[in-house]
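Chemist: First to last, the sequence lines map onto chains G and W.
Residues in the first sequence are numbered consecutively from 5, following the numbering used here.
Residues in the second sequence are numbered consecutively from -5, following the numbering used here.
Ideal placement from N, C-alpha and C gives every residue a C-beta, glycine not left out.
Predicted model, so just to flag it, every value in this text is computed and none were measured.
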Amino acid sequence: MAPWLASGLIYSSGLALTAGSITMIYITTRTFNFAVASMATFGFYISYTGVELYGGAPYQYYPFVFLFGSFLGIICYFGLNRHLLRRKAAEITLMMSTLGYDLLLLSFIQMYADFLTHTYRLFPRRVTMNVYDFELFGIRAAAIILPLIAIAILIILHIFLTRTKFGVAMRATIENPVLSGASGINSDSVYLVAWVIGGGMAALGGSFMAMAMTGTPVMGMYTIPLMFAGAILGGLGSLYGGMLGGFLIGITEYAGVFTLSQQFGPWVQGYRMAIPLILMAATLILFPRGLAGIPLGKLVGKLTATKRGENT
Amino acid sequence: MTTENGLKSNLKEFITRKEVPVIVIILALLTYLLTSRGVPIILTIFIDFAVFAIITMSLNLETGYAGVPQFGRVAAVIAGAFAVGAIPGRILARFMDLPYGLDYASDTINFRVVPEINALLASSWLLSIGFLLFSLVIAAIAGAAIGWLISRPAIRLKEAYLGISLLAFGDFLMWVGHNWSGMVGGSVPIYVPDPFRIFAVDRFTVIVLVIFVAAFMVFIYMNRLARSPFGRSMRMIRDNDVSAAAAGIDVVKVRTQSLVIGSAVAAIAGGLYVIYTGTCTAFGFQKLTWTFWPWAFMMLGGIGSTFGVLLGVFLLSILRSMIVIFRYQWFGFLLEIGIDPLWLEFTLLGVVIIGVILFMPHGLVPEKIEPMLPRRNVRRVLERKNLAGEK
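1. When burial is assigned at 16 or more other CB atoms within 10 Å of the CB, is N234/W buried or exposed?
2. Considering only the beta carbon of each residue, do P63/W and A154/W sit closer than 9 Å?
3. Using beta carbons (cut-off 9 Å, strictly below), is T250/W in contact with chain G?
4. List the residues that DSSP assigns as beta-bridge partners of Y185/W.
5. Do you know how far the Cα of P223/W is from the Cα of A77/W?
6. DSSP three-state label for L140/G, please.
7. Mind checking whether F262/G and A10/G have CB atoms under 9 Å apart?
8. Provide the residue span of the alpha helix (DSSP H) that contains Y322/W, from first to last.
9. Do the CB positions of R67/W and T285/W come within less than 9 Å of each other?
10. Mind checking the region 323 to 341 of chain W against chain G and listing, in chain order, the residues whose C-beta falls within less than 8 Å of any C-beta there?
11. In whole angstroms, give me the CA-to-CA distance for F75/G and I363/W.
12. Excluding the 5 residues preceding and the 5 following V268/W in the sequence, name in chain order all residues of the same chain whose CB lies nearer than 7 Å to its CB.
13. Have a look at E330/W and D118/G and give me their C-alpha separation to the nearest angstrom.
14. CA-CA distance, G313/G and L281/G?
15. Quick one: is N173/W near chain G, going by C-beta distance under 9 Å?
16. Give me the residue from R91/G, R125/G and G142/G with the minimum Cα distance to T53/G.
17. List in chain order: all unbroken alpha helix (DSSP H) runs of 4+ residues lying wholly within the region 183 to 268 of chain G.
18. Scan the region 210 to 230 of chain G for residues whose Cβ lies nearer than 9 Å to a Cβ of chain W and list them as they occur along the chain.
19. Would a check of beta-carbon distances place T166/G closer than 9 Å to chain W?
20. Looking at chain A, which residues of the region 90 to 119 of chain G have a Cβ within less than 7 Å of any of its Cβ atoms?
21. Just verifying my parser: in three-state terms, what is the DSSP assignment at V131/G?
22. Suppose contacts are defined by Cβ-Cβ distances below 9 Å. Is A208/W in contact with G141/W by that definition?
23. Apply the 10 Å Cβ neighbour rule to D106/G and answer buried if 16 or more other Cβ atoms are within range, or exposed otherwise.
24. Pick out the complete alpha helix (DSSP H) segments inside the region 109 to 158 of chain W, 4 residues or longer, and give them in chain order.
25. With DSSP collapsed to three states, give me the class of I14/G.
26. May I have a chain-ordered list of the beta strand (DSSP E) segments no shorter than 3 residues that lie completely inside the region 218 to 250 of chain W?
27. For the alpha helix (DSSP H) that M394/W lies in, which residues bound it at each end?
28. Would you mind stating whether Y30/G and F38/G have Cβ atoms separated by less than 9 Å?
29. M4/G lies in the alpha helix (DSSP H); which residues open and close that run?
30. Using a Cβ-Cβ distance under 9 Å, would E153/W count as near chain G?
31. Pop quiz: Y258/G and G24/G are said to be a contact at Cβ under 8 Å. What is the actual Cβ separation, rounded to whole angstroms?
If you want it as structure tokens, here you go:
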């Protein structure tokens, strides 16, 4: 496997999880969650701290990463989001509130990085996590394990949403909050679960992305437009669309930069952000409802119809 | 009517009741500044206040009046800063037979070219003033162009989508500046010719005065704009774009115009800031400082009220500078576990945004609902109606 493809796979699995987290929280609570940026960075720092202080591979700390992300999500829900949802705040107000939470978390991340430097003599401001990785079948283990984890999470979520009673209740709330409330579903707990899953996914996504890029305290701040681009590409309507959108954004960026820098030289690297942004702008202009809004069935139907017409 | 009366009423019309306290406060600040000159901390606070006042007022025009969630304020500021950093100096260098092409921004040439330009500027009043005005015009044009450009794909979108696209665009512009070293030096700061060099020692005081005058003019302009038909149509779109469209207002056109005007004003602030610091570097324009701080200022002051916005900028920028200046005296205990108290700036920012949203959703000075007509005319109409009723 080519090196760019390996890092591309790792990076896009991370983006898939963060974009999925944004979509998850948006479809349940109508909140564009800015705090995904700092939740992701915190996830990376949890795995980094674990590896540095207790040794081992980064993968064994992922459960803690998920739990910590969920914890951050719960704080955001009980401290902030719940009051605003009860007040029926506008979408922009909800978004700004998570931005405030994100900046608060960012300051804590910076303080935590200072603390690590001071107390444990580490260098947490420029981290390359892949030095803690090992080889599996001749390639970096992360390129195999991380996409598998992302797919596993997708499958678990699918089973949760379709096979369990609470998952069905959750889908009902997403479809029609008023009607589901009238039939006795507690929307409060649905929102809480969305924040728990969303926070965990965001933190996990951040620790994934750090395996492919340099981990810094502002890592999330710099990648947040890409996470949103993934969610928008997915159409912000379905969880699966969001994860697919994030994955596509990541893999297009890596593939595009690789091919273009072969063609034009390494200076293309500096403008790599243009690729996902162009993709996002094109989606917004052509398919305002994202990938989920592309009338795939209709298109296929049309094609088959013409074929049938030719045959007869 | 005598001319004196006419002048009086003209003046009355020009300066409304709302603007009087602002003028008084600004005059008091300026006298304090001029009497206590030579205190760099106070000068820095003043310049920060004035620059961010302009930017926040432009943000208030787009977000408070027109209802565009402008999360890419930094883009317009960058446009102004880069334009002033890149263009006027090159033009002067062209006439002085100095390198003016891509190598103008190269770090081995720039630090030799700019002092020569500065020497020329310091020799002539006319040239200095012309340079300053030309820089500001260039900044405004660049800002308006960027505002128009970002409005093209994004303006028809729903509010949150629009906010995200604007945010991404601002980030992208910063990366372009950081990587394209031919424009403003890329990762190495480039020097900006200084039209205030002619004032020698008093340079900083004069800059404060100029930026204050600019901020005050923007304040007057924003108040005029808010009460104009254009301002009313902006607010109508913000409150309900469907009914505004039904009333015959071209929603896309008004939103685009508000973005263009706001971006031009913010770009002027960016240009002034670059001239004040004397250097221009892409990484100096982070969205944290130039988008999120203005948002916090605006939310604290009250979205949609220009006076409130000024108050928000004033209070918060003082608080922010206090933290930066006194961080070791007040928060020294954090240093014992190795934490730099500078990060408390972000904590303050987050706490302000959350606190305002939770406890004070309309800010310190909530937007007043203004009647379509001036109060005098409304009273006249009512009187006429009463008379008709009595008859």
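Modeler: In brief:
1. Taking the first residue of the second sequence as position 1, residue 234/W is located at position 240. N234/W is exposed by the Cβ-count criterion.
2. On the second sequence, position 69 is the one that residue 63/W refers to. On the second sequence, position 160 is the one that residue 154/W refers to. Yes, the pair counts as a contact, with Cβ atoms nearer than the cut-off.
3. Start at 1 with the first residue of the second sequence, and residue 250/W comes out as number 256. False, the Cβ-Cβ gap to chain G never drops below 9 Å.
4. Start at 1 with the first residue of the second sequence, and residue 185/W comes out as number 191. Per DSSP, T273/W.
5. Along the second sequence, read from residue 1 onward, the residue named residue 77/W stands at position 83. Along the second sequence, read from residue 1 onward, the residue named residue 223/W stands at position 229. For A77/W and P223/W, the distance between alpha carbons rounds to 32 Å.
6. Within the first sequence, the letter at position 136 stands for residue 140/G. Secondary structure of L140/G (DSSP, three-state): strand.
7. Walking along the first sequence from the start, residue 262/G turns up at place 258. Walking along the first sequence from the start, residue 10/G turns up at place 6. No.
8. Counting from one through the second sequence, the residue named residue 322/W turns up at place 328. Its alpha helix (DSSP H) spans residues R321 to W324.
9. Residue numbering aside, residue 67/W sits at position 73 when the second sequence is read from its first letter. Residue numbering aside, residue 285/W sits at position 291 when the second sequence is read from its first letter. Contact: yes.
10. Listed by position, the residues of the region 323 to 341 of chain W near chain G (Cβ gap below 8 Å) are L328, I331, G332, I333, D334, W337, L338, E339, F340 and T341.
11. Here residue 75/G corresponds to residue number 71 of the first sequence, with the count starting at 1. Here residue 363/W corresponds to residue number 369 of the second sequence, with the count starting at 1. Each residue's Cα considered, the two are about 42 Å apart.
12. Within the second sequence, the letter at position 274 stands for residue 268/W. Here the set comprises A75, V78, G79, V186 and C274.
13. Residue mapping note: residue 330/W aligns to position 336 of the second sequence, counting from 1. Residue mapping note: residue 118/G aligns to position 114 of the first sequence, counting from 1. Rounded to whole angstroms, E330/W to D118/G spans 11 Å at the Cα level.
14. The residue labelled residue 313/G in the question sits at position 309 within the first sequence. The residue labelled residue 281/G in the question sits at position 277 within the first sequence. Its pLDDT being 49, under 50, G313/G is placed unreliably in this model, and the value from its coordinates should be taken loosely. For G313/G and L281/G, the distance between alpha carbons rounds to 40 Å.
15. Numbered from 1 along the second sequence, position 179 holds the residue referred to as residue 173/W. N173/W counts as touching chain G.
16. Position 49 of the first sequence holds residue 53/G. Nearest C-alpha to T53/G: R125/G.
17. 191 to 213, 223 to 237 and 243 to 268
18. V222, M225, Y226, I228, P229 and L230
19. Within the first sequence, residue 166/G is the residue found at index 162, counting from 1. No, no contact with chain W.
20. In summary, chain A is missing from the structure at hand, where the protein chains are G and W.
21. In the first sequence, residue 131/G corresponds to position 127, counting from 1. V131/G: strand per DSSP, three-state reduction.
22. Residue numbering aside, residue 208/W sits at position 214 when the second sequence is read from its first letter. Residue numbering aside, residue 141/W sits at position 147 when the second sequence is read from its first letter. With a cutoff of 9 Å on beta-carbon distance, A208/W and G141/W are scored as not near each other.
23. Mapped onto the first sequence, residue 106/G falls at position 102. In this structure D106/G is buried. Its beta-carbon is surrounded by 16 or more other beta-carbon atoms within 10 angstroms.
24. 119 to 148
25. Position 10 of the first sequence, counting from 1, holds the residue named residue 14/G. Helix at I14/G.
26. As far as the region 218 to 250 of chain W is concerned, it has no whole beta strand (DSSP E) run of at least 3 residues.
27. Given a span of -5 to 385 for chain W in the structure shown, any question on residue 394/W remains unanswerable.
28. For the purposes of this step, residue 30/G is identified with residue 26 of the first sequence, where counting begins at 1. For the purposes of this step, residue 38/G is identified with residue 34 of the first sequence, where counting begins at 1. Not a contact, by the Cβ cut-off of 9 Å.
29. Here chain G comprises residues numbered 5 to 316, so residue 4/G is not present and cannot be evaluated.
30. By 1-based counting over the second sequence, the position of residue 153/W is 159. E153/W counts as touching chain G.
31. For this step, residue 258/G is matched to residue 254 along the first sequence. For this step, residue 24/G is matched to residue 20 along the first sequence. About 19 Å separates the two Cβ atoms, so there is no contact after all.
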